[in-house]
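J.:
2 protein chains.
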Amino acid sequence: MATVLISGLGLIGSSIARMIKQDHRELTIIGSDPDDETAQFLLNHQLIDRRQTFSEAAPLADFIILAGPVSVILEQINVLATLSLKSDVLVTDVGSTKETIMKTANQLIQNDINFIGGHPMAGSDRSGSRFGSSELFNNATYFIVGQTKNNRKLAQFQQLLSKAAIHWQPISSSSHDQLVCELSHLPHVIATTLVNTAVDDLEGEPLGLRAAAGGFKDTTRIAAADPTMWTAIMMNNTDRINQSLTQFQQHLAQFQKALTAHDESTIKQFLKRARTSRKSVDERK
Amino acid sequence: MATVLISGLGLIGSSIARMIKQDHRELTIIGSDPDDETAQFLLNHQLIDRRQTFSEAAPLADFIILAGPVSVILEQINVLATLSLKSDVLVTDVGSTKETIMKTANQLIQNDINFIGGHPMAGSDRSGSRFGSSELFNNATYFIVGQTKNNRKLAQFQQLLSKAAIHWQPISSSSHDQLVCELSHLPHVIATTLVNTAVDDLEGEPLGLRAAAGGFKDTTRIAAADPTMWTAIMMNNTDRINQSLTQFQQHLAQFQKALTAHDESTIKQFLKRARTSRKSVDERK
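Chains as they are written, first to last, in the UniProt record's numbering: chain A, 1 to 285; chain B, 1 to 285.
1. Judging by CA-CA distance, which residue of B/L179, B/D201, B/F157 and B/D112 is the nearest neighbour of A/H251?
2. Under three-state DSSP, which class holds B/I12?
3. Quick test of your reading: B/D88 and B/A2, contact by CB under 8 Å. State the CB separation rounded to the nearest angstrom.
4. Taking its Cβ as the centre, do 16 or more other Cβ atoms sit within 10 Å of B/T114, making it buried, or is it exposed?
5. Can you name the start and end residues of the beta strand (DSSP E) that B/F143 belongs to?
6. Of all Cβ atoms in chain A, is any one closer than 8 Å to the Cβ of B/R130?
7. Who are the neighbours of B/W230 on chain A, taking C-beta pairs under 8 Å?
8. Which residues, in order along the region 169-190 of chain A, keep a beta-carbon less than 9 Å from a beta-carbon of chain B?
9. Could you give the residue range of the beta strand (DSSP E) that holds B/S32?
10. Could you tell me whether any Cβ in chain B is nearer than 8 Å to the Cβ of A/K86?
11. Shortest alpha-carbon distance to B/A232 belongs to which of B/I144, B/P69, B/E182 and B/V195?
12. Give the interface partners of B/L74 over in chain A, defined as CB-CB distance under 9 Å, in chain order.
13. Evaluate A/P206 with the Cβ neighbour count: other Cβ atoms within 10 Å of its Cβ, from every protein chain shown; 16 or more gives buried, anything less gives exposed.
14. Could you check what DSSP says for A/V89 in three-state terms: helix, strand or coil?
15. Residues bridged to B/T3 by DSSP?
16. Which residues mark the beginning and the end of the alpha helix (DSSP H) in which A/G215 is found?
17. So, at 7 Å on beta carbons, what are the nonlocal neighbours of B/K153 in its own chain, with the 5 sequence-adjacent residues on each side left out?
18. Taking only the alpha-carbon atoms, compute the straight-line gap between A/N138 and A/R18 and give it to the nearest angstrom.
19. When the Cα atoms are used, what is the spatial distance from B/K285 to A/A198?
20. Grouping DSSP H, G and I as helix and E and B as strand, with all else coil, what is B/P206?
21. For B/I65, which of helix, strand or coil comes out of DSSP?
22. Along the region 236-247 of chain B, where does the CB come closer than 9 Å to a CB of chain A? Name the residues.
23. Let me check one thing: in DSSP terms, what residues is B/I116 bridge-paired to?
24. Report, in whole angstroms, the separation of the C-beta atoms of A/A225 and A/S133, which I expect to be a contact under 8 Å.
25. Would you list the one or two residues that DSSP bridges to B/H167?
26. Can you check whether the C-beta of B/K98 is within less than 8 Å of a C-beta belonging to chain A?
27. Beta-carbon of B/P227 versus every beta-carbon of chain A: anything under 8 Å?
28. My output table needs one value for B/K285: the three-state DSSP class, helix, strand or coil.
29. I'd like to know whether the C-beta atoms of B/L83 and B/S124 end up nearer to each other than 8 Å.
30. CB-CB under 7 Å to B/C181, same chain, minus the five flanking residues each way: which ones, in chain order?
31. Tell me which same chain residues have a C-beta within less than 6 Å of the C-beta of B/M121, skipping the five on either side of it?
32. Would the region 173-180 of chain B and the region 93-101 of chain B be scored as touching if the rule is three or more Cβ pairs under 8 Å?
33. In this structure, how does DSSP classify A/R51 when only helix, strand and coil are distinguished?
34. Does DSSP put B/H262 in a helix, a strand or coil?
35. Is the separation between the beta-carbon of B/I190 and that of B/F255 shorter than 8 Å?
36. Does the beta carbon of A/F137 come closer than 8 Å to any beta carbon on chain B?
Given below as structure tokens:
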């Protein structure tokens, strides 16, 4: 009977526990999380079988899933390098950036430990174990980075999550980090900046944010996400985010130039182009 | 039996027709729209009683609701000034900017015509009569600009939409335009720019926008909205949008400075501040 260690029992970690417990009750799940309340919540709901510290649990596990913020994942990879793990363990993570993680994991791979980077493209503006769901990954893209030395073991891991109809997508760490930079990290910075700008500009306006309708709410929803997780992402994909911000600013400057010039046809062209691209996102799914 | 003229039978106009037809079948609704297919759709669904040109219908109406893009509303106010309207008609509009509209409507007000500016804070990324709904305004803020000479008539208009539990909010045209600039126009420009940036940056990346998850989709949803309507908004609230864009760029530059410096605590502070503000938007409702 295999043992799964899930380290980090927040939105993603607790969702993985829910998926496994729903369809594979024969497995033992050890949960590891520094937060007592979080761990107790998972114990109370029988989503984990027991709680243990990371260093205690790792040597017992057949699957180790690192589901903390990127900064914690990096630390834990360093810890794993000092432990005596099972010879056929699969170590994987769910971090939102992959290049720094794969570089750090190299010490495991060189020691013949089976490490595969992973990143499910699923999330929420709500963080924490209470908001996890066994349906969070349904139909999502799940990026897989690196070569496994044991295909059977990776297939077993994928089997654990099979009910979610995940689209498993192999990708290089650099392609991954560029893609999520555009589709996730840049939008996050922009949504955050939008909120801070609106709050400052509407200071003293009694109605203020209260009058916000669906447009503002949708556009800024992700700004409510966990700042700790997102700070770690910013610190680990810094150069790409920086570059995207510069690109974004250039596009914005072009629009502002057309606006200042009251150039109706350029403004309309800009809006039309975005509309066509944005509509294609929904149509493809 | 009162007659209502709705000019512009898109998302908002057709939603108003739906609301009135649901609760006030005794009224006659004349629909006016340049698009044959749109008008036929409303006739087929008995959401309007007949279709007439704007100039023919306006002199017959007790309520005239201007529900086209801002550019069309401005033209139609000029047309109304040349027509002989009923003496106690209420003319109102649903345009997303109010200052240029109130200035143009001054010629009506000076001729003793009862004009009230209006703006329901409800919309969708989907445009057109097919996506209208009798529930579109439910619990929304509906801004009211200007003084009516006939309070009873305004109350009657509000009564027509009473099922929606609208929050009627009197406001000056300049406060209105500043508020919607921050809560609607700026987010629209930003969402649009985000899509155009991502498309350009991901050119040649086979996965591209297809891998987009909820964060990107939410943040850019409004970029799919009608470019004609939004171009008119940009042309009518130009100076404020321009100023907000400059403010936004300054906030973004501050973030980028912290990012470049790998200044973790400033990054986290920026994200935390946005989170607190964004969470308050949902909690207030």
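For glycine and all other residues, C-beta sits at the position ideal for the given N, C-alpha and C.
T.: With the given structure in hand:
1. The residue among B/L179, B/D201, B/F157 and B/D112 with its C-alpha nearest the C-alpha of A/H251 is B/D201.
2. Here B/I12 sits in helix by DSSP.
3. 10 Å between Cβ atoms; not a contact.
4. A small correction: the amino acid at residue 114 of chain B is Asn; Thr does not occupy that position in the sequence shown. By the 16-neighbour rule on beta-carbons within 10 angstroms, B/N114 is buried.
5. First-last of the beta strand (DSSP E) with B/F143: T141 to V145.
6. Not closer than 8 Å to any Cβ of chain A, the Cβ of B/R130 fails to qualify, so no.
7. Under the 8 Å cutoff, chain A gives L271.
8. Interface annotation for the region 169-190 of chain A against chain B: Q169, I171, S175, Q178, L179, V180, C181, E182, L183, S184, L186, P187, H188, V189 and I190, criterion Cβ-Cβ distance under 9 Å.
9. For B/S32, the enclosing beta strand (DSSP E) starts and ends at T28 to S32.
10. No - not a single Cβ of chain B is within 8 Å of the one on A/K86.
11. When only C-alpha atoms are compared, the closest one is B/P69.
12. Neighbours of B/L74 in chain A, taken as residues whose beta carbon is under 9 Å from its own, are absent, since the nearest beta carbon is some 14 Å off.
13. By the neighbour-count definition (other C-beta atoms within 10 Å, threshold 16), A/P206 is an exposed residue.
14. Collapsing the DSSP output to three states places A/V89 in coil.
15. For B/T3, which the question treats as bridged, DSSP gives the partners B/T28.
16. It spans G214 to T220 - the alpha helix (DSSP H) in which A/G215 sits, taken as one unbroken run.
17. Taking B/K153 as the centre and dropping the five residues before and after it, the same chain places the C-beta of D88, L90 and N114 closer than 7 Å to its C-beta, in chain order.
18. Taking the straight line joining both Cα atoms gives about 13 Å.
19. Residue placement at B/K285 is flagged as unreliable, the pLDDT there being 47, under the threshold of 50; the coordinate-derived value follows with that caveat. Straight-line Cα distance between these residues: approximately 18 Å.
20. DSSP, reduced to helix, strand and coil, places B/P206 outside both helices and strands of the structure shown, so it counts as coil.
21. Under the three-state reduction of DSSP output, B/I65 falls in the strand class.
22. Within the region 236-247 of chain B, the residues whose Cβ lies closer than 9 Å to some Cβ of chain A are T238, I241, N242, Q243, S244, L245, T246 and Q247, listed in chain order.
23. Answer is B/T92.
24. The pair is not a contact, with the Cβ atoms about 16 Å apart (cut-off 8 Å).
25. Beta-bridge pairing links B/H167 to B/T141.
26. Contact with chain A is absent for B/K98, since none of that chain's Cβ atoms lies less than 8 Å from the residue's Cβ.
27. Output row for B/P227: interface = yes.
28. Here B/K285 scores only 47 on pLDDT, less than 50, and its place in the model should not be relied on; the value that follows carries that caveat. The three-state secondary structure of B/K285, taken from DSSP, is coil.
29. No, the Cβ-Cβ distance between B/L83 and B/S124 is not below 8 Å.
30. The beta carbon of B/C181 is closer than 7 Å to those of N237, R240, I241 and S244 in its chain, skipping five residues each way along the sequence.
31. Cβ neighbours of B/M121 beyond the five flanking positions: A140 and T141.
32. With a cut-off of 8 Å, the region 93-101 of chain B and the region 173-180 of chain B count as touching, because enough Cβ pairs lie within range.
33. Strand.
34. Assigned with DSSP and collapsed to three states, B/H262 falls in coil, not helix or strand.
35. By the CB criterion at 8 Å, B/I190 and B/F255 fall outside the cutoff.
36. So, not an interface residue.
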